[in-house]
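Colleague:
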Amino acid sequence: MTFPKDDQLIYKIQFLGLELDDLRSADLGELKSMFRNEQMAINAQDIARKFPIVEIDTRYQPISDQIINIIIEASFPFKWDPHVTHDTLSFWIFIEDGNGEKMYLAQEVQIDRHLANDGFKFEYLVPVCESHKYLVTMTSSRFLGVGDSQSIYIKNSDRATFDSFESNPPNLRPLPVTSIENIEHRKLFGFEFFNPVQSQVFFQTYRTDESLLICAPTAAGKTSIAELAICRLFSTHPEQKAVYLAPLKAIVTERVQDWRMKFGDKLIELTGEFTPDSNAIAKASLIVATPEKWDAVSRGFVVRRFVQTVGLVVIDEAHLLGTDRGHIIEAVVDRMKSMPTKVRFIGLSTCLSNPLDVAEFLGVSRRGTYNFPPQMRAVPLKTFIRGFPGRHFCPRMASMNKPLSDAIREYSNDKPTLVFVPSRRQTRLTAFDLISYATNRGEPFYYTTPETALASQKVQDQTLSHCLSLGIGLHHAGLVSSDCEIVEELFASGKMKLLVATATLAWGVNLPAHFVVIKGTEFHDAKTCQYVPYSSTEMQQMMGRAGRPQFDTEGIVMILCEEGRKDFLKRFINSPLPVESNLFEHASEHANAEIASGRIKSKKSLMSWLKRSFFAIRLDKNPGYYENITLEEVSSNIIKALTDKHCISVNLEGHINPTPEGRIASIFYVSPDDVKLFIDRMNESSNVVSLLRLICMAQEFKQVPVRHSEDEVVMDMTPRFKTEDPIDSPHTKAFFMCQYYFSRREMPIPDFITDLASVLDQALRIVGCFSEIAAIRGELNAVINASILTQMLVQGCWHDQNSIQALVDVQLFKQLQQQNINLLPQILFKDTPLPGTEFIKDRVVLFKNKSHLISTNGMAVRITLEHISGTLGSQVISPHFTRKGIQSLFILVGDPSTGKLFGHRRVQLKKETTCVHHPMPRKNSRKCMDLHAFRLLPWH
Numbered sequence: 001m002t003f004p005k006d007d008q009l010i011y012k013i014q015f016l017g018l019e020l021d022d023l024r025s026a027d028l029g030e031l032k033s034m035f036r037n038e039q040m041a042i043n044a045q046d047i048a049r050k051f052p053i054v055e056i057d058t059r060y061q062p063i064s065d066q067i068i069n070i071i072i073e074a075s076f077p078f079k080w081d082p083h084v085t086h087d088t089l090s091f092w093i094f095i096e097d098g099n100g101e102k103m104y105l106a107q108e109v110q111i112d113r114h115l116a117n118d119g120f121k122f123e124y125l126v127p128v129c130e131s132h133k134y135l136v137t138m139t140s141s142r143f144l145g146v147g148d149s150q151s152i153y154i155k156n157s158d159r160a161t162f163d164s165f166e167s168n169p170p171n172l173r174p175l176p177v178t179s180i181e182n183i184e185h186r187k188l189f190g191f192e193f194f195n196p197v198q199s200q201v202f203f204q205t206y207r208t209d210e211s212l213l214i215c216a217p218t219a220a221g222k223t224s225i226a227e228l229a230i231c232r233l234f235s236t237h238p239e240q241k242a243v244y245l246a247p248l249k250a251i252v253t254e255r256v257q258d259w260r261m262k263f264g265d266k267l268i269e270l271t272g273e274f275t276p277d278s279n280a281i282a283k284a285s286l287i288v289a290t291p292e293k294w295d296a297v298s299r300g301f302v303v304r305r306f307v308q309t310v311g312l313v314v315i316d317e318a319h320l321l322g323t324d325r326g327h328i329i330e331a332v333v334d335r336m337k338s339m340p341t342k343v344r345f346i347g348l349s350t351c352l353s354n355p356l357d358v359a360e361f362l363g364v365s366r367r368g369t370y371n372f373p374p375q376m377r378a379v380p381l382k383t384f385i386r387g388f389p390g391r392h393f394c395p396r397m398a399s400m401n402k403p404l405s406d407a408i409r410e411y412s413n414d415k416p417t418l419v420f421v422p423s424r425r426q427t428r429l430t431a432f433d434l435i436s437y438a439t440n441r442g443e444p445f446y447y448t449t450p451e452t453a454l455a456s457q458k459v460q461d462q463t464l465s466h467c468l469s470l471g472i473g474l475h476h477a478g479l480v481s482s483d484c485e486i487v488e489e490l491f492a493s494g495k496m497k498l499l500v501a502t503a504t505l506a507w508g509v510n511l512p513a514h515f516v517v518i519k520g521t522e523f524h525d526a527k528t529c530q531y532v533p534y535s536s537t538e539m540q541q542m543m544g545r546a547g548r549p550q551f552d553t554e555g556i557v558m559i560l561c562e563e564g565r566k567d568f569l570k571r572f573i574n575s576p577l578p579v580e581s582n583l584f585e586h587a588s589e590h591a592n593a594e595i596a597s598g599r600i601k602s603k604k605s606l607m608s609w610l611k612r613s614f615f616a617i618r619l620d621k622n623p624g625y626y627e628n629i630t631l632e633e634v635s636s637n638i639i640k641a642l643t644d645k646h647c648i649s650v651n652l653e654g655h656i657n658p659t660p661e662g663r664i665a666s667i668f669y670v671s672p673d674d675v676k677l678f679i680d681r682m683n684e685s686s687n688v689v690s691l692l693r694l695i696c697m698a699q700e701f702k703q704v705p706v707r708h709s710e711d712e713v714v715m716d717m718t719p720r721f722k723t724e725d726p727i728d729s730p731h732t733k734a735f736f737m738c739q740y741y742f743s744r745r746e747m748p749i750p751d752f753i754t755d756l757a758s759v760l761d762q763a764l765r766i767v768g769c770f771s772e773i774a775a776i777r778g779e780l781n782a783v784i785n786a787s788i789l790t791q792m793l794v795q796g797c798w799h800d801q802n803s804i805q806a807l808v809d810v811q812l813f814k815q816l817q818q819q820n821i822n823l824l825p826q827i828l829f830k831d832t833p834l835p836g837t838e839f840i841k842d843r844v845v846l847f848k849n850k851s852h853l854i855s856t857n858g859m860a861v862r863i864t865l866e867h868i869s870g871t872l873g874s875q876v877i878s879p880h881f882t883r884k885g886i887q888s889l890f891i892l893v894g895d896p897s898t899g900k901l902f903g904h905r906r907v908q909l910k911k912e913t914t915c916v917h918h919p920m921p922r923k924n925s926r927k928c929m930d931l932h933a934f935r936l937l938p939w940h
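Going left to right, the sequence shown walks through residues 1 to 940 as our numbering numbers them.
Below you can see the structure in the form of structure tokens.
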């Protein structure tokens, strides 16, 4: 802290008896008269307004009858000056009971300029104390007297309520697989007898069309229950489709690999990497998708008739209805309920504390609801919890490594051990320490097997190679897929005994172990830049990986956590928390989709849509969780928000009509917030770089992770164009990564490669949305720039870069330059193809265009495309972009003098002759017009 030292100023402030609040809020003219010195008054107020201040607002959400979630929202109403605050401010958050007898939380948090401007939000689960009173304090570590505190009192009326329900453990003789009459279906099951859970639900699953909710522990065989339901649909309604929804792409990939061998060509995958066209989906009988992809596809059910032929929807990991992405499942379920074909729902979940609420939402009767207790695990669990002192995350995590090494020696018994850590960096640090402790014991190759030593020479990642050579595997999203597959195969086959992985592995590939260690129960949240605890669902999922049904009589779990967290985990680790809805925060986006499709046409139908939601069910049971809001208020908020964001209009009779912009947002699966962003800042698309910056400001890119210390990495990046946005912003990171991609530069760290893939997966969709919004507003230049940016994204190069460079590798490009071949036409019009360029001449479709005005009742321009060479219907040559598509043109017709767009069309190059008609305003028909034709292949 370096305030200007001015003894005279300090004396004057003390003499006048002024406090900081007085200086902050006083009128400058008043201060001048008090100080009788203008500059001294200005300096005094400036210093006061730079002095840190924090104000907190607290509330709570009832989670269960024994747990509440305390929410702290802090604002920092002072002028940030790095000379005063440095780069960050350190605060301590304390949560204690009202009597001061027990401390529930003492955690240090770091506040930077970004958080100080936007505000800081922190949530923490605590048990309900006897006094029902809590004191929440947030105080500065460096500035004396800077802090704020608030008391919270829990009302009895705010306790969460839910109907507890638990199924009795089945006491049945295992049912033989021969109970399935269809021999082909019988072959799908690689065992002779169904287990007790499968046996109990067999009749309802395979002999009836009842909707079911089956909640059972991990490894209870729920996937086989889904297969029984699919088999029944294929037997009784072969003309209908089955949809399987899984929350993570890793789960979808695993299902696809397994089911493609069982169901063959009937299956199609819908994920970020695989988006088949509507014709391919229409021909499939089994669709395996993430909720987001099926939400996007099913929004167009009026046009996509195949959506209306779905007869079965299987929702795996249904307990994720209560997570950040659960609102998508709510929207999908309600939409599928409205289809003309009666849809059967099968929900698969871990044990729930409020299964009847989830069942009610899915339309499942009590008879079809099963909630088997955790004790029904195929392999019982033994759980140990060990606390570690230390308030700082990294030193505390490091202190766990020696006890972890000792625990592996004691409990693994030379059987597979899986260690979950919170970050990719921790996989490396943990593995290195385990290797170091083994070396210090004189056993450097303690974990090594011949197979891991051999695999170390095959993987690409150098850190993984080193660890595998000493017998330890690593698994995280920063590894290339081939490295992940090698690690998974080694661990699944028992040829590698120790795997250190991030928590996401628990949701993906099924890799059970004898001994599971959860090292650390909190992770760094990129949104808040703080360490936050794992949810109960995440903890249960990781614990569920312990115990191998074929080999173990018991599984062992050890949880290493912060000392103050130990008692809470001991009380509640085996108690599932109620599933709550988060549709409340995303209702506008989903309501817009239903308005665009015509399902919602008035406030009355909007209220009906809300009443059918899981949100309405839980709002009735636990209003305190949702701030006691009413459905009427939610409905009014939705209408106001969508009107303000240009997505709907409401007439005098109360009818709700979608605007063209609202329809576009629904089609392109884009947030209404982005519609408002694009309309309000359309003038910022005057050039391609400005448009790229605007696209990177979209809501979708808020999810781009900015991990611990990555702001320093972004700061060191040297993109072609800089930005004034905060360096730790996910939008800045996306903007810089796209520029590195266009420049073909290596990403600064491996994690950015995965992040870039996520950005590119969404960027085309968002640019397409912007282009359509600009088009309906007649913005010619904006649409031209969007078309150019689309080319850049597909080809992975700048618009002013040599087009040949986008199609060939570096070595061939240099050879062509040596031969003075610098333009694509030099390759395409050469009689004898140059070595290595034959594929370009064959796959680049050439055409000539003719355009002329035609007159009927109005005026129109007719554009005729005539094929010259190249294979019609061939895919775009885009070696740097994962998605492939048929070559196409963006045809734009506009007036260059006014910048007005008259028409635009995307045409696939699949026919010998293609004619396109564009209506023209009569008053512009005789003026000079431009015809622009952009292809997804760059052309200069």
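Glycine included, every Cβ here is placed at the ideal spot set by N, Cα and C.
As the structure is a computational prediction, the values presented were derived from the model and not from experiment.
Please look up how many angstroms separate the CB atoms of L286 and F263, rounded, as I've assumed it's under 8 Å.
Modeller: Confirmed, Cβ separation roughly 5 Å.
Colleague: If I measure Cβ to Cβ from V480 and keep anything under 6 Å in the same chain, skipping five residues before and after, which residues do I get?
Modeller: Closer than 6 Å at the Cβ level, and outside the excluded window around V480, lie Q460.
Colleague: Could you check the C-alpha separation between D81 and L454 for me, to the nearest Å?
Modeller: For D81 and L454, the distance between alpha carbons rounds to 55 Å.
Colleague: Is the CB-CB distance between V288 and L321 below 8 Å?
Modeller: For V288 and L321, no; Cβs fall outside 8 Å.
Colleague: Identify every residue that forms a DSSP beta bridge with E96.
Modeller: Paired residue(s): M103, L135.
Colleague: Provide the residue span of the alpha helix (DSSP H) that contains M715, from first to last.
Modeller: It spans 710-716 - the alpha helix (DSSP H) in which M715 sits, taken as one unbroken run.
Colleague: Spell out a yes or no on whether the segment 331-340 and the segment 302-317 are touching, meaning 3 or more CB-CB pairs, one atom from each, closer than 8 Å.
Modeller: At 8 Å Cβ cutoff, the stretches touch.
Colleague: State the Cα-Cα distance for the pair L577 and S224, rounded to the nearest angstrom.
Modeller: C-alpha separation (whole angstroms): 26 Å.
Colleague: Measuring CB to CB, does C351 end up less than 8 Å from P169?
Modeller: No, these two residues do not count as a Cβ contact at 8 Å.
Colleague: Examine the Cβ distances between the segment 484-498 and the segment 461-474 and report whether three or more of them are shorter than 8 Å.
Modeller: Yes, the segment 484-498 touches the segment 461-474.
Colleague: Let me confirm a value: V302 is counted as buried when at least 16 other C-beta atoms fall within 10 Å, else exposed. Which label applies?
Modeller: Exposed.
Colleague: Identify every residue that forms a DSSP beta bridge with L267.
Modeller: DSSP lists L286 as partners of L267.
Colleague: Taking the beta strand (DSSP E) that V303 falls in, what are its first and last residues?
Modeller: Looking at the DSSP string, V303 is not in any beta strand (DSSP E), and its letter there is neither H nor E.
Colleague: Might you give, ordered along the chain, the residues of its own chain that have their beta carbon closer than 6 Å to the beta carbon of S298, omitting 5 neighbours on each side?
Modeller: Excluding residues within five positions, the ones whose Cβ falls inside 6 Å are V307, R335.
Colleague: Taking S131 as the reference, give the member of P549, K102, I664 with the closest Cα.
Modeller: Of the listed residues, the one whose Cα sits closest to S131 is K102.
Colleague: Going along the chain, which unbroken runs of the alpha helix (DSSP H) with 4 or more residues stay wholly within the segment 148-214?
Modeller: The qualifying runs are 183-186, 196-202.
Colleague: Any contact of the segment 503-521 with the segment 415-423, i.e. 3+ C-beta pairs under 8 Å?
Modeller: The segment 503-521 vs the segment 415-423: in contact.
Colleague: Return the chain-ordered list of same chain residues with a C-beta closer than 6 Å to the C-beta of E912, the five sequence neighbours on each side being excluded.
Modeller: Closer than 6 Å at Cβ, skipping near neighbours: H867.
Colleague: Reducing DSSP to helix, strand and coil, say where C351 ends up.
Modeller: The answer is coil: DSSP assigns C351 none of H, G, I, E or B.
Colleague: Assign T383 to one of three DSSP states: helix, strand, or coil.
Modeller: Strand.
Colleague: Does the segment 670-683 come close enough to the segment 744-753 that 3 or more CB-CB pairs lie under 8 Å?
Modeller: At 8 Å Cβ cutoff, the stretches do not touch.
Colleague: By Cβ distance, which residues of its chain are closer than 6 Å to D163, with the 5 residues on each side in sequence left out?
Modeller: Taken in chain order, the residues that qualify are L356.
Colleague: With DSSP run on the structure shown, which of helix, strand or coil describes Y411?
Modeller: Note: Y411 maps to helix in three-state DSSP.
Colleague: Between which two residues does the alpha helix (DSSP H) containing L781 stretch?
Modeller: In the sequence on display, residue 781 carries Asn and not Leu. First-last of the alpha helix (DSSP H) with N781: 780-795.
Colleague: When the Cα atoms are used, what is the spatial distance from I435 to S469?
Modeller: Answer to the nearest angstrom: the Cα atoms are 11 Å apart.
Colleague: Tell me the start and end of each unbroken alpha helix (DSSP H) in the segment 486-543 that is at least 4 residues and wholly inside, in chain order.
Modeller: Fully enclosed alpha helix (DSSP H) runs of 4 or longer: 536-543.
Colleague: From the DSSP output, in three-state form, read off P127 for me.
Modeller: If DSSP states are grouped into helix, strand and coil, P127 belongs with the strands.
Colleague: Between P748 and the ligand FMN, is there a pair consisting of the residue's CB and a ligand heavy atom that are separated by less than 7 Å?
Modeller: Only the bare structure without any ligand can be found here, which leaves the ligand FMN out of the picture.
Colleague: Should V332 and P291 be called a contact, given that it needs their Cβ atoms to be closer than 8 Å?
Modeller: Cβ distance < 8 Å, so V332 and P291 count as in contact.
Colleague: H655: buried (16+ other C-beta within 10 angstroms of its C-beta) or exposed?
Modeller: By the 10 Å Cβ count, H655 comes out exposed.
Colleague: Does C394 pass the burial test, meaning 16 or more other C-beta atoms within 10 Å, or should it be called exposed?
Modeller: Label assigned to C394: exposed.
Colleague: Which runs of the alpha helix (DSSP H) at least 4 residues long sit entirely within the segment 404-455? Give them in chain order.
Modeller: Entirely contained in the segment 404-455, the alpha helix (DSSP H) runs reaching 4 residues are, in chain order, 424-440, 450-455.
Colleague: Would you give the residue range spanned by the beta strand (DSSP E) that L20 belongs to?
Modeller: Premise fails: L20 lies in the alpha helix (DSSP H), 20-25, not in any beta strand (DSSP E).
Colleague: With a cut-off of 8 Å on the beta carbons, I'd call S90 and E108 a contact; round off their distance for me.
Modeller: Going by Cβ atoms, the distance from S90 to E108 rounds to 6 Å, so yes, they are a contact pair.
Colleague: Just the C-alpha distance for A407 and R425, rounded to the nearest angstrom, thanks.
Modeller: Going from the Cα of A407 to the Cα of R425 covers about 22 Å.
Colleague: If you draw a straight line from the C-alpha of S685 to the C-alpha of G796, how long is it?
Modeller: Taking the straight line from one Cα to the other gives about 20 Å.
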